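A.B. asks: Here you go, one structure.
There are 2 protein chains.
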Amino acid sequence: MTDDKVSAAENEQINFGVLDCLLGYKLRRAQMVFFDSFSAACSDLGISPGLFGVLVVVKENPGLTQTAVAKALGNDRSAMVAVVDRLESMELIERRPSKKDRRSYALYMTPHGKTFFNGLLERVRAHEDELCQYLESGEKKQLLDMLDRFPR
Amino acid sequence: MTDDKVSAAENEQINFGVLDCLLGYKLRRAQMVFFDSFSAACSDLGISPGLFGVLVVVKENPGLTQTAVAKALGNDRSAMVAVVDRLESMELIERRPSKKDRRSYALYMTPHGKTFFNGLLERVRAHEDELCQYLESGEKKQLLDMLDRFPR
DNA sequence: TATTGTTATACTCTATAACTATA
DNA sequence: TATAGTTATAGAGTATAACAATA
């Protein structure tokens, strides 16, 4: 196939119709970009966006139960089991038996987890800054503010 | 459990730490809200956000191949097979043998598909407007513009 | 050789229901 | 009776590799 003679169907621009003004579609596309970028930056450390969220919440709120972390992040508590298993096997967080309620665990970040998290956070910030180059000064704040307004 | 005496761990506000200023996290949360709203509005019609995207692209670009639609929407062509099967079984689109290339199909929306799409679009617009109540005048345009700038 | 549609496969994520031990 | 963690399970969604037909 030559460069100056490609079929119309291949060369033609796609018409996205109503998708071009649908927030749901644009949010999904943008989120895919961020997801891929995050993965490229952190997958060699074994951390996905979902695992990162759990790490942050456990770090900032030591002693929370699995169910409380799941609720905070909008996940189901059944899905937390494998996540906590994995983060515990990486020795980043630990389950401690709750003293008040023998049904539940209190989650804590380990000392190694805190060190690991510092390096991880550098990667995450770099990935974030990389993508924020497409925003003008002040726009990131506007964007975060708008995204925060959609109710859960 | 009484209302005025709940445990600190349950009542305490969660500290989201760095997540509060990470676009990737906020985009995911917002997208989940839109996804759930879309599903609530359209799932009884058997249409998910992903199927809707395919419908729009086929409607606006009659005659595209499956691979071209997949590329436009950022999906893998192998995933298109089940999607087109389903939309064809709903008699919304149809595969026609391509005249130029006997390997591929040209995709078209059926007359029934066009009628169906009009009703579907009303639902989608209502769902979009419902969520846009949380944005001030002019902000939706700003938001779409910013989301569009992140490169694919 | 390369590409289209297809199949098989697998992996992640997510959601539901049911079980146990505790409350 | 209700809840926490767990398990099993199933459904999306997504990605890879390979194949037959065709280019």
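Residue numbers (our numbering), protein chains in the order written: chain A, 17 to 168; chain B, 17 to 168. Yeah, the Cβ is synthetic: ideal placement off N, Cα and C, and Gly gets one too. Note that this is a predicted model, so its numbers are computed, not measured.
Which partner residues of LEU123 (chain B) appear in the DSSP bridge assignment?
C.D. replies: B:ARG111
A.B. asks: Are VAL72 (chain A) and PHE32 (chain B) closer than 8 Å when you measure CB to CB?
C.D. replies: If you check the CB distance, VAL72 (chain A) and PHE32 (chain B) come in under 8 Å.
A.B. asks: Quick check on VAL97 (chain B): buried or exposed, where buried means 16 or more other Cβ atoms within 10 Å of its Cβ?
C.D. replies: The residue is exposed, with fewer than 16 neighbouring Cβ atoms inside 10 Å.
A.B. asks: Would you say ASP60 (chain B) faces chain A, with C-beta separation under 8 Å as the test?
C.D. replies: no
A.B. asks: CA-CA distance, PRO65 (chain B) and ARG111 (chain B)?
C.D. replies: 21 Å
A.B. asks: Taking the CB atoms as reference points, tell me whether ALA57 (chain A) and PHE166 (chain B) lie closer together than 8 Å.
C.D. replies: For ALA57 (chain A) and PHE166 (chain B), no; Cβs fall outside 8 Å.
A.B. asks: What is the C-beta distance between LEU43 (chain B) and LEU163 (chain A), in whole angstroms, given that I count them as a contact (C-beta under 8 Å)?
C.D. replies: 7 Å
A.B. asks: Which class does ASN134 (chain A) belong to by DSSP, given the choice of helix, strand or coil?
C.D. replies: helix
A.B. asks: What do you reckon, are the CB atoms on MET125 (chain A) and VAL74 (chain A) nearer than 8 Å?
C.D. replies: In this structure, VAL74 (chain A) lies closer than 8 Å to MET125 (chain A) by Cβ.
A.B. asks: Kindly indicate which three-state DSSP category ASP117 (chain A) falls into: helix, strand or coil?
C.D. replies: DSSP places ASP117 (chain A) in coil when its eight states are reduced to three.
A.B. asks: As a quick exercise: from B:ASP92, B:PHE51 and B:ASP36, pick the residue whose alpha carbon is nearest that of PHE68 (chain B).
C.D. replies: B:PHE51
A.B. asks: In chain order, what residues of the region 30–48 of chain A put their CB closer than 9 Å to some CB of chain B?
C.D. replies: ILE30, ASN31, PHE32, GLY33, VAL34, LEU35, ASP36, CYS37, LEU38, LEU39, GLY40, TYR41, LYS42, LEU43, ARG44, ARG45, ALA46, GLN47 and MET48
A.B. asks: Please report how far the alpha carbon of LEU108 (chain A) lies from the alpha carbon of ASN91 (chain A), in whole angstroms.
C.D. replies: 20 Å
A.B. asks: Suppose you measure from the CA of VAL85 (chain B) to the CA of GLU155 (chain A); what does that come to, to the nearest Å?
C.D. replies: 32 Å
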